[in-house]
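Report on the structure given below.
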Amino acid sequence: MRSVVVEDLRKSYGSVHAVRGVSFDVEQGEIFALLGPNGAGKSTTLEILEGFRKRDSGTVEVLGMDPGSRADGRELRERIGLVLQDIAVEPYLTVRETITRAAGYYRTPRDVGEVIELVDLAGKEKQKVRNLSGGQKRRLDLALGVIGDPDLLFLDEPTTGFDPNARRGAWELVRRLRDTGTTILLTTHYMEEAQQLADRVAVIAAGRIVSEGTPATLGGRDSAKARIRFALPEGCTAEDLPVADAVLAEGLVTVEADEPTEALHRLTGWALDRGAVLDRLSVDRPSLEDVYLSLTGESGPASGDEPADGPATTDSATTKSAGRKTGSPEPVLERSAR
Numbered sequence: 000m001r002s003v004v005v006e007d008l009r010k011s012y013g014s015v016h017a018v019r020g021v022s023f024d025v026e027q028g029e030i031f032a033l034l035g036p037n038g039a040g041k042s043t044t045l046e047i048l049e050g051f052r053k054r055d056s057g058t059v060e061v062l063g064m065d066p067g068s069r070a071d072g073r074e075l076r077e078r079i080g081l082v083l084q085d086i087a088v089e090p091y092l093t094v095r096e097t098i099t100r101a102a103g104y105y106r107t108p109r110d111v112g113e114v115i116e117l118v119d120l121a122g123k124e125k126q127k128v129r130n131l132s133g134g135q136k137r138r139l140d141l142a143l144g145v146i147g148d149p150d151l152l153f154l155d156e157p158t159t160g161f162d163p164n165a166r167r168g169a170w171e172l173v174r175r176l177r178d179t180g181t182t183i184l185l186t187t188h189y190m191e192e193a194q195q196l197a198d199r200v201a202v203i204a205a206g207r208i209v210s211e212g213t214p215a216t217l218g219g220r221d222s223a224k225a226r227i228r229f230a231l232p233e234g235c236t237a238e239d240l241p242v243a244d245a246v247l248a249e250g251l252v253t254v255e256a257d258e259p260t261e262a263l264h265r266l267t268g269w270a271l272d273r274g275a276v277l278d279r280l281s282v283d284r285p286s287l288e289d290v291y292l293s294l295t296g297e298s299g300p301a302s303g304d305e306p307a308d309g310p311a312t313t314d315s316a317t318t319k320s321a322g323r324k325t326g327s328p329e330p331v332l333e334r335s336a337r
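Quick note: the sequence shown, position 85, residue 84 per numbering that gives the first Met the number 0, numbers continuous.
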């Protein structure tokens, strides 16, 4: 069953074509990463999925509903969670007060105490938001995204500003959410994050999806040539090596091979015969970052997202939670453009 279906999505701002026939889908219960440089069309695509912007053409379904339909708006926002780059919260409220207030906008929210535990803010319940560290504030953002017990969670650069330990803790939280059945659509600039979390990845550049697959197979990673790298032993030249097409650059030799076993056997045997050491020896295939840079290297911002001076649509300021209690004030949330 698919939680998100996008077919031939198109959106322009005047003469600027932000999204040019984008198609992809997200399966229920998976973590799907949408990667792309600034100006590639990623922001516009997500804003359309979240109901913040109107599309020009194409088919979009989110949890079986049209995010551009006013009739579906309330139910959709009741079933999705948003963790954006910037969420405005009252700095003088405590952590518990902030999450409790957000819970009131949903008909069937998760237990506040359970969510506090889930995002590792236990012990911080009485601390005011203004006194939280950057990482703690980001965990509070996550709490506000999941308090409504969403079927689909949008995570926009969820670990920006985290130190390595905090980032890995956030990854574990995202995995726990997935394991409880939440579908997650993730954007990130950290390739390691996509590698660690995503079941599937799509790369968008110049308004089009240029590659899609698992982190291991994206862009042909699994079938790319292996790279053997090592420091050239002192007194030797690249021509002395027992393999063809060895390239020396910045003190390291690189040898590419479809299957590295034979080439590696030749090189180590040659080194042993000479009594030499192949320092800094490594064997790998192109990383996800290598593939990403290759796929997006020719794209430019000129054909990407909405121009900085372009008019926001009437959807660009919308509510985070349409399923609020009758008569309760509803927070207005501006979708930050990337």
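Just so you know, even glycine gets a beta-carbon here, dropped at the ideal spot from N, CA and C. Since the model is a prediction, treat every value here as computed from it, not as a measurement.
Item, Value
"The stretch 247 to 258 contacting the stretch 213 to 231, beta-carbon criterion three pairs below 8 Å", "yes"
"Which residues DSSP lists as bridging His16, in chain order", "Ser11"
"Arg106 versus Gln126, Asp65, Ile146, Gln135, residue with shortest Cα-Cα distance", "Ile146"
"Distance, Thr295 Cα to Lys127 Cα", "42 Å"
"CA nearest to the CA of Thr216, picked from Asp140, Ala205, Val200, Arg265", "Val200"
"8 Å Cβ cutoff met for Pro90 and Arg129", "yes"
"Run of the beta strand (DSSP E) containing Ala169, from where it starts to where it stops", "Note, Ala169: premise wrong, no beta strand (DSSP E); alpha helix (DSSP H) at 163 to 178."
"Cβ-Cβ distance between Ile30 and Ala197 below 8 Å", "yes"
"CA-to-CA distance, Val246 to Ala237, given in whole angstroms", "7 Å"
"DSSP beta-bridge partners of Ile203", "Ile208"
"Counted within 10 angstroms of its Cβ, other Cβ atoms place Pro241 as buried (16 or more) or exposed", "exposed"
"Coil, strand or helix - Thr182 by DSSP", "strand"
"Reduced DSSP category for Thr312 - H, G, I as helix; E, B as strand; rest coil", "Low confidence applies here, because Thr312 scores a pLDDT of 40, under 50, leaving its location unreliable; read the following figure in that light. Thr312: coil per DSSP, three-state reduction."
"Rounded Cβ spacing between Ile79 and Pro149 (contact assumed at less than 8 Å)", "5 Å"
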